[in-house]
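Have a look at the structure below before the remarks.
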Ligand SMILES: NC(=O)c1ccc[n+]([C@@H]2O[C@H](COP(=O)([O-])OP(=O)(O)OC[C@H]3O[C@@H](n4cnc5c(N)ncnc54)[C@H](OP(=O)(O)O)[C@@H]3O)[C@@H](O)[C@H]2O)c1
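Numbering (the working numbering), first residue to last: 3 to 304.
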């Protein structure tokens with residue numbers, strides 16, 4: 003934790019296509035912790051000093067570059083800034099490309115909006131863009147109570163799927179409340195003993211979850227495995243069984259953020275922010291994610 007320290011730096015300059023955002027809230031993701039520990043995005047960012055972690059922001063535009071067409075000063079915006087790359091979200095002011103942001107719905111708080119950036123974008127890009135969930139698909143969401151999972155359950159349900167989520171017993175009611183038809187307590191049952199004929203698995207765990215998930219997929223079914231470093235051979239293992247296996251990396255995308263903004267505005271998707279930290283408590287926020295037990299999302303307010 004000694005490499006996660008506060009410092010004073012000048013307010014960033016913006017280029018012609020960027021806006022300066024006065025950050026009201028930012029969210030923390032497991033990749034932040036991996037990067038702090040020298041994994042995740044660390045190799046890509048090692049030449050930056052200081053390296054400013056984080057990608058998810060919600061705030062108010064205080065300055066616009068001269069080519070910016072989408073936003074104006076005073077607009078409330080949110081999004082995942084510059085991923086993969088140097089997002090610099092753990093800051094009071096962030097320079098963000100306009101194409102990475104969307105307007106924050108007025109009925110959604112900055113905390114809820116910041117939460118619905120990287121994790122929500124991951125779920126949406128996988129379920130809507132990459133796999134295209136169809137009505138009636140039987141979907142298994144691992145870690146359904148976590149950041150990605152709690153959005154993935156809501157989005158899969160919205161897209162018409164029959165949703166099964168794995169989580170501990172403590173989070174059963176939560177997972178069902180998000181729209182899952184079935185909850186599997188992964189500590190009490192092996193999911194492969196109780197489900198079958200799955201069209202699609204969203205795997206946020208990796209490792210042996212890949213092999214075990216392949217047992218419950220229908221022939222021709224798909225598994226997408228998202229933790230980097232724990233997804234080896236998912237493609238090959240799936241192909242050997244006549245299934246589709248993919249890894250995935252989320253990308254900054256303002257068009258997708260606008261779609262998420264609409265889902266939030268209409269109450270179709272809600273952010274569950276289980277804990278809010280002050281900026282000075284950033285190390286505690288990292289420790290919280292490190293437990294692997296985060297319910298929904300955690301957010302830092304500036
Ligand atoms: N490739 C990409 O673009 C991408 C994007 C986003 C995230 N990711 C990766 O995906 C992973 C998940 O991210 P996240 O933000 O969702 O993490 P997270 O919010 O920290 O996940 C925490 C959740 O995991 C659940 N969990 C832990 N072990 C479990 C198990 N064995 N079975 C079922 N649930 C379990 C916990 O539920 P209980 O408390 O009920 O146990 C908790 O709610 C991370 O490795 C992250 O780096 C990759």
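C-beta atoms are modelled at their ideal positions from N, C-alpha and C, and glycine is treated no differently.
Residue 184 sits in a strand when the DSSP states are folded into three classes. By alpha-carbon distance to residue 301, the top candidate from 283, 293, 294, 295 is 283. For the segment 196-228, the continuous alpha helix (DSSP H) assignments of 4+ residues that do not extend past its boundaries occur at 210-216, in sequence order. Per DSSP, the continuous alpha helix (DSSP H) segment holding residue 241 begins and ends at 236-242. Of all alpha-carbon atoms in 10, 68, 8, the one lying nearest the alpha-carbon of residue 22 is that of 68. Secondary structure at residue 168: strand, using DSSP grouped into helix, strand and coil. For residue 58, there is no enclosing alpha helix (DSSP H); the residue is part of the beta strand (DSSP E) that begins and ends at 58-66. Taking C-beta atoms as the reference points, residue 112 and residue 26 count as a pair closer than 8 Å. If you look at residue 140, you'll find it isn't in any alpha helix (DSSP H); it sits in the beta strand (DSSP E) that goes 140-143. In the structure shown, the three-state DSSP call for residue 36 is helix.
According to the DSSP secondary-structure assignment, residue 82 is paired through a beta bridge with 58.
The C-alpha of residue 217 is placed about 8 Å away from the C-alpha of residue 198.
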